[in-house]
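Some notes on the structure that comes next.
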Amino acid sequence: MFMSIRENLSKLELNNAKLVAVTKGVPAKTILESVSYGVTDIAENYVQEAEEKFKHIGRKVKWHFIGHLQRNKVSQAVRLFDVIQTVDSLRLAKKINRAAEHQEKIIKVMIQVNVSGDKHGVEPEHVRMFYNELTGLRHLEVIGLMCIADIENPRLSFKRMSNLNSKLKLPYLSMGMSNDYKTALEEGSNMVRLGTAIYGKRNKGFLEQIVGDIADFFREVFS
């Protein structure tokens, strides 16, 4: 049975965790509808897509970047987003810091951790050292850790993240998506990134979605 955005939001059990609505592929009109029902933070994977939506949405929400940030898009990302959740290298962090300095702002960032072993991110054993390096960049404010969990064993990924942050004590653990957010909350997440759970499944078929994602990636790299 079709569920409305309002109904989907009302059924979420978030335990006071911050909700970040993942809006990749979601039209601006639909995003604004969810904002009218209480969504305050949205997340995008591509800078170019976010720029188009920003024309219609503006600063009605906090903008989070959750994709793999191309270095040629850093300046635009710093200008647009309130939080960049996917900082995974010192080279990228320094470029973000320089862009923020030029724009005379301090930007909130999160460290992406490769807890599953097959994603982008800092290896768990290097997170402490990486965090220490980031604290020397004056235009970055590190507010948390972020991960994409292992599909086969998400709970183990979430446990590892909680253990890491028990030492760093950063404000946010961004972990948990539509299919595993309840497990993430049980393991200490206080920020979840939900798309399908709010907006439903996209109408595109699986193959069409993959082709579309590849096209989006190349537009992002070469535009």
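Residues in the sequence shown are numbered consecutively from 1, following the working numbering. Positions of the beta carbon are idealized from the N, C-alpha and C atoms, including for glycine.
How is the alpha helix (DSSP H) around residue i delimited, first residue to last?
{"i": "F54", "result": "47-57"}
{"i": "T30", "result": "28-36"}
{"i": "A184", "result": "181-186"}
{"i": "I96", "result": "90-102"}
{"i": "V74", "result": "74-80"}
{"i": "E133", "result": "127-134"}
{"i": "S157", "result": "154-168"}
{"i": "E7", "result": "5-11"}
Along the chain, where does the beta strand (DSSP E) that runs through residue i open and close?
{"i": "M110", "result": "107-112"}
{"i": "H64", "result": "62-65"}
{"i": "T196", "result": "It is not in any beta strand (DSSP E) - T196 instead sits in the alpha helix (DSSP H) that spans 196-199."}
{"i": "K119", "result": "Careful: K119 lies outside any beta strand (DSSP E) and carries neither H nor E."}
{"i": "S189", "result": "Here S189 belongs to no beta strand (DSSP E), and DSSP marks it neither H nor E."}
{"i": "V87", "result": "83-87"}
Measure the CB-CB distance between residue i and residue j and report whether it falls below 8 angstroms.
{"i": "R160", "j": "P124", "result": "yes"}
{"i": "I198", "j": "S34", "result": "yes"}
{"i": "G67", "j": "T86", "result": "yes"}
{"i": "N8", "j": "L185", "result": "no"}
{"i": "R155", "j": "G25", "result": "no"}
{"i": "A50", "j": "L12", "result": "no"}
{"i": "F158", "j": "T183", "result": "yes"}
{"i": "M175", "j": "C147", "result": "yes"}
{"i": "L170", "j": "V113", "result": "no"}
Excluding the 5 residues flanking residue i on each side, which residues of the same chain have their C-beta closer than 6 angstroms to its C-beta?
{"i": "R193", "result": "V20, V22, A43, M177"}
{"i": "I107", "result": "V78, A100"}
{"i": "M3", "result": "none"}
{"i": "R71", "result": "K95"}
{"i": "H56", "result": "A28"}
So, for residue i: in the same chain, excluding its five sequence neighbours on each side, which residues have a beta-carbon less than 7 angstroms away from its beta-carbon?
{"i": "T40", "result": "V61, K62"}
{"i": "A17", "result": "L185, S189, N190, M191, V192"}
{"i": "R6", "result": "Y37"}
Can you list, in chain order, the residues of its chain whose CB lies under 8 angstroms from that of residue i, leaving out five sequence neighbours each side?
{"i": "E141", "result": "I106, I107, K108, V109"}
{"i": "A93", "result": "V87, V109, E133, L134, L137, L140"}
Since residue i and residue j are thought to touch, with beta carbons under 8 angstroms apart, how far apart are those beta carbons, to the nearest angstrom?
{"i": "N190", "j": "L168", "result": "At roughly 14 angstroms, the Cβ-Cβ gap does not stay under 8 angstroms, so N190 and L168 are not in contact."}
{"i": "A149", "j": "V115", "result": "7 angstroms"}
{"i": "I111", "j": "L145", "result": "5 angstroms"}
{"i": "V47", "j": "H64", "result": "Between H64 and V47 the Cβ distance is about 12 angstroms, and since that is not below 8 angstroms, they are no contact."}
{"i": "P187", "j": "S166", "result": "Rather than Pro, the amino acid found at residue 187 in this sequence is Glu. The pair is not a contact, with the Cβ atoms about 12 angstroms apart (cut-off 8 angstroms)."}
For residue i, verify whether its CB is less than 7 angstroms away from any heavy atom of the ligand NAD.
{"i": "S116", "result": "Among the ligands in the structure shown, none appear at all, so the ligand NAD cannot be discussed."}
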